């Protein structure tokens, strides 16, 4: 696989997760840019606010991030909580995997629009993605998680990987970290941003560990 389709597939997974989670067509810039002027709108009763502990949020951002603010509307059966301080934002979202899958046709569009997918390996991987996602609108939760794994593999992850951690643009000069996992029929995403954030192996490991812990709480909440 060449680097071109790997980049596109990796970004497609991250952006598809963000779009499905926000329940809108807003870009990461619109949904995740920290703003000191944001008006707090406490929603501490949201179940999703229990999916990340204060210690985990501080571990992600390097500072305490405890102010809950209103977030974009989410799809039915989903949960979302957003914490924001003057220079830091953290958002956790979970939704049924089959609902996330409804955003996957856009992934094919992104892959097809890439101008440098010209090698035979690229074309083969693109054909694989198109076949995989042709029935995304009617996927079961299990089928959606299988598609997540395959897209992650197209993005260069190891075979069977169920978690991805990706750097995503927040502003023209700042990046955020987007981590997603799809297990037991639930797609859960964490995105966070602080100034001068750069994806490193250590940050990837931390984000993965915290996301795994959040997913355990998601499963427990769905059973409760």
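Numbering (my numbering), first residue to last: 243 to 466. Heads up, the beta-carbon is just placed ideally off N, CA and C, and yes, glycines get one too. All values reported here derive from a predicted model rather than from experimental measurement.
| Asked | Found |
| --- | --- |
| Classification of residue 367 by the beta-carbon crowding that lies within 10 angstroms, buried from 16 upward | buried |
| Whole-number beta carbon distance between residue 407 and residue 421, since they are thought to touch under 8 Å | 5 Å |
| Test item: CB-CB of residue 374 and residue 392 under 7 Å | yes |
| Alpha helix (DSSP H) segments (min. 4 residues) lying fully within the region 347 to 425 | 347 to 355, 362 to 375, 383 to 396 |
| Burial state of residue 369 (16 or more Cβ within 10 Å) | exposed |
| CB-CB length for residue 350 against residue 379, believed under 8 Å | Between residue 379 and residue 350 the Cβ distance is about 12 Å, and since that is not below 8 Å, they are no contact. |
| Bridge partners - residue 342, DSSP secondary structure assignment | Paired residue(s): none; residue 342 is not in a bridge. |
| Classification of residue 465 by the beta-carbon crowding that lies within 10 angstroms, buried from 16 upward | exposed |
| First through last residue of the beta strand (DSSP E) which encompasses residue 429 | 428 to 435 |
| Secondary structure of residue 336, DSSP reduced to three states | strand |
| Sufficient close CB pairs (3 or more, under 8 Å) joining the region 433 to 443 to the region 453 to 465 | no |
| Contact under 7 Å by Cβ, residue 405 with residue 450 | yes |
| Residue environment, residue 400, which counts as buried when at least 16 other CB atoms sit within 10 Å | exposed |
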